[in-house]
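Encoded as C-alpha coordinates, the structure appears first; notes follow it.
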Amino acid sequence: MVRGCKRAGVVGANISDCPGPHGAACHCREPEVRFYCLTHAKREADRLFSLEVRKGGRCEACGATTNLQCSHFISRRYLGVRYVRLNAECLCFRCHKRLTERPLEAEERGRRVLGSAVYDELRRTALTFKGRPDYAAVIGEMGR
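Numbering (numbering that gives the first Met the number 0), first residue to last: 0 to 143.
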(Lines of atoms letter the chains of each structure in order from A and count residues from 1; the text may use other names and numbers.)
(Lines give C-alpha, C1' and ligand atoms only; values in the text may rest on other atoms or scores of the structure.)
Protein backbone atom coordinates (compact mmCIF):
# COMPACT_ATOMS: atom_id res chain seq x y z
CA MET A 1 0.00 0.00 0.00
CA VAL A 2 1.19 3.48 -0.81
CA ARG A 3 1.73 5.87 2.09
CA GLY A 4 -1.12 8.33 2.54
CA CYS A 5 -3.85 5.94 1.42
CA LYS A 6 -6.01 5.29 4.47
CA ARG A 7 -6.82 1.60 4.07
CA ALA A 8 -8.64 1.56 7.41
CA GLY A 9 -10.94 4.31 6.17
CA VAL A 10 -12.10 2.52 3.00
CA VAL A 11 -15.56 3.54 1.89
CA GLY A 12 -17.51 1.22 -0.38
CA ALA A 13 -19.41 2.18 -3.50
CA ASN A 14 -20.03 0.64 -6.90
CA ILE A 15 -17.25 2.59 -8.50
CA SER A 16 -14.41 1.18 -10.55
CA ASP A 17 -11.01 2.84 -10.59
CA CYS A 18 -9.94 5.41 -8.06
CA PRO A 19 -8.72 8.56 -9.86
CA GLY A 20 -6.16 9.25 -7.15
CA PRO A 21 -2.43 9.81 -7.30
CA HIS A 22 -1.45 6.88 -5.11
CA GLY A 23 -0.08 4.81 -7.96
CA ALA A 24 -0.47 1.27 -9.19
CA ALA A 25 0.21 -0.29 -5.78
CA CYS A 26 -2.79 1.40 -4.18
CA HIS A 27 -5.75 -0.83 -3.35
CA CYS A 28 -7.94 1.80 -4.98
CA ARG A 29 -6.57 0.68 -8.37
CA GLU A 30 -7.49 -2.98 -7.90
CA PRO A 31 -10.62 -3.39 -10.06
CA GLU A 32 -11.93 -6.35 -8.04
CA VAL A 33 -11.94 -4.24 -4.84
CA ARG A 34 -14.00 -1.39 -6.37
CA PHE A 35 -13.61 0.90 -3.36
CA TYR A 36 -12.36 4.40 -2.81
CA CYS A 37 -10.06 5.18 0.06
CA LEU A 38 -11.49 7.82 2.40
CA THR A 39 -9.62 10.68 0.72
CA HIS A 40 -10.84 9.78 -2.75
CA ALA A 41 -14.37 8.97 -1.58
CA LYS A 42 -14.64 12.52 -0.23
CA ARG A 43 -13.20 13.92 -3.48
CA GLU A 44 -15.65 11.89 -5.59
CA ALA A 45 -18.61 12.88 -3.39
CA ASP A 46 -17.60 16.55 -3.77
CA ARG A 47 -17.27 16.17 -7.55
CA LEU A 48 -20.67 14.51 -7.96
CA PHE A 49 -22.41 16.97 -5.61
CA SER A 50 -20.92 19.92 -7.50
CA LEU A 51 -22.12 18.47 -10.81
CA GLU A 52 -25.60 18.05 -9.36
CA VAL A 53 -25.72 21.65 -8.14
CA ARG A 54 -24.37 23.07 -11.42
CA LYS A 55 -26.82 21.03 -13.51
CA GLY A 56 -29.17 24.03 -13.75
CA GLY A 57 -26.69 25.65 -16.11
CA ARG A 58 -26.88 29.23 -14.88
CA CYS A 59 -25.84 31.43 -11.97
CA GLU A 60 -28.72 31.75 -9.52
CA ALA A 61 -27.64 35.32 -8.67
CA CYS A 62 -26.94 36.98 -12.04
CA GLY A 63 -27.94 34.41 -14.68
CA ALA A 64 -24.46 33.92 -16.19
CA THR A 65 -23.88 30.59 -17.95
CA THR A 66 -20.08 30.32 -17.78
CA ASN A 67 -17.59 29.59 -15.00
CA LEU A 68 -20.26 28.00 -12.81
CA GLN A 69 -19.40 26.81 -9.30
CA CYS A 70 -21.11 25.11 -6.40
CA SER A 71 -21.57 27.63 -3.57
CA HIS A 72 -22.64 26.71 -0.03
CA PHE A 73 -24.75 28.97 2.18
CA ILE A 74 -23.24 27.36 5.30
CA SER A 75 -19.54 26.60 4.75
CA ARG A 76 -18.78 23.13 3.45
CA ARG A 77 -16.32 22.78 6.33
CA TYR A 78 -19.36 21.83 8.38
CA LEU A 79 -19.64 18.23 7.24
CA GLY A 80 -23.21 17.79 8.47
CA VAL A 81 -24.52 20.09 5.74
CA ARG A 82 -21.79 19.69 3.11
CA TYR A 83 -23.96 17.45 0.89
CA VAL A 84 -27.39 18.89 1.72
CA ARG A 85 -28.84 20.17 -1.56
CA LEU A 86 -30.71 23.02 0.17
CA ASN A 87 -27.36 24.31 1.43
CA ALA A 88 -25.94 24.82 -2.05
CA GLU A 89 -26.63 26.93 -5.09
CA CYS A 90 -25.06 27.39 -8.50
CA LEU A 91 -23.13 30.66 -8.82
CA CYS A 92 -20.73 32.00 -11.42
CA PHE A 93 -17.15 32.64 -10.33
CA ARG A 94 -17.76 36.39 -9.97
CA CYS A 95 -20.83 36.07 -7.71
CA HIS A 96 -19.26 33.24 -5.68
CA LYS A 97 -16.10 35.27 -5.09
CA ARG A 98 -18.11 38.34 -4.10
CA LEU A 99 -20.15 36.39 -1.53
CA THR A 100 -17.08 34.57 -0.21
CA GLU A 101 -15.36 37.90 0.42
CA ARG A 102 -18.49 39.38 2.03
CA PRO A 103 -19.78 36.83 4.59
CA LEU A 104 -22.45 39.14 6.03
CA GLU A 105 -23.96 39.64 2.57
CA ALA A 106 -23.70 35.89 2.00
CA GLU A 107 -25.70 35.21 5.17
CA GLU A 108 -28.33 37.78 4.13
CA ARG A 109 -28.60 36.06 0.74
CA GLY A 110 -28.94 32.66 2.39
CA ARG A 111 -31.74 33.90 4.62
CA ARG A 112 -33.47 35.60 1.68
CA VAL A 113 -33.21 32.58 -0.65
CA LEU A 114 -33.94 29.84 1.90
CA GLY A 115 -35.95 31.71 4.50
CA SER A 116 -34.70 32.31 8.03
CA ALA A 117 -36.25 29.12 9.47
CA VAL A 118 -34.50 26.83 6.94
CA TYR A 119 -31.24 28.75 7.21
CA ASP A 120 -31.31 28.50 11.02
CA GLU A 121 -32.04 24.74 10.83
CA LEU A 122 -29.07 24.22 8.48
CA ARG A 123 -26.91 26.24 10.85
CA ARG A 124 -28.09 24.19 13.83
CA THR A 125 -27.37 20.95 11.98
CA ALA A 126 -23.93 22.22 10.98
CA LEU A 127 -23.03 23.10 14.56
CA THR A 128 -24.28 19.87 16.16
CA PHE A 129 -23.15 17.26 13.61
CA LYS A 130 -20.44 14.90 14.83
CA GLY A 131 -18.45 12.42 12.77
CA ARG A 132 -18.26 12.35 9.01
CA PRO A 133 -20.78 11.93 6.21
CA ASP A 134 -21.55 8.55 4.68
CA TYR A 135 -19.53 9.11 1.51
CA ALA A 136 -20.68 5.83 -0.05
CA ALA A 137 -24.31 6.93 0.31
CA VAL A 138 -23.55 10.36 -1.17
CA ILE A 139 -21.69 8.78 -4.10
CA GLY A 140 -24.46 6.24 -4.62
CA GLU A 141 -27.19 8.87 -4.54
CA MET A 142 -25.42 11.41 -6.73
CA GLY A 143 -23.95 8.83 -9.09
CA ARG A 144 -27.31 7.49 -10.23
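Each residue gets a CB set at the ideal place from its N, CA and C atoms; glycine is no exception. Quick caveat: nothing in here was measured; it's all calculated off a predicted structure.
With at least 16 other beta carbons inside 10 angstroms of its own, F72 counts as buried. A40 sits buried, since 16 or more C-beta atoms from the chains shown fall within 10 Å of its C-beta. The shortest CA-to-CA distance from L78 to any of M141, I138, L126 and A135 is the one to L126.
Distances from the CA of F92 to each of A63, R75 and L37 were compared; the closest alpha carbon is that of A63. Secondary structure in the segment 48-113: the beta strand (DSSP E) runs of 3 residues or longer, each lying completely within the stretch, are 67-71 and 87-91 in chain order. Of all alpha-carbon atoms in C58, S115 and V83, the one lying nearest the alpha-carbon of A44 is that of V83. Bounds of any alpha helix (DSSP H) do not take in R131, whose DSSP letter is neither H nor E. In this structure, the straight-line span from the alpha carbon of R108 to that of A87 is close to 12 Å.
Taking the C-beta atoms as reference points, L85 is found nearer than 9 Å to L113. Distance check between L98 and each of C69, R123, E120 and R81 places C69 closest, using alpha-carbon atoms only. In this structure, the CA atom of V52 is about 6 Å from the CA atom of C89. Sixteen is the threshold: since fewer than 16 other Cβ atoms of the shown chains lie within 10 Å of the Cβ of C61, the residue is exposed.
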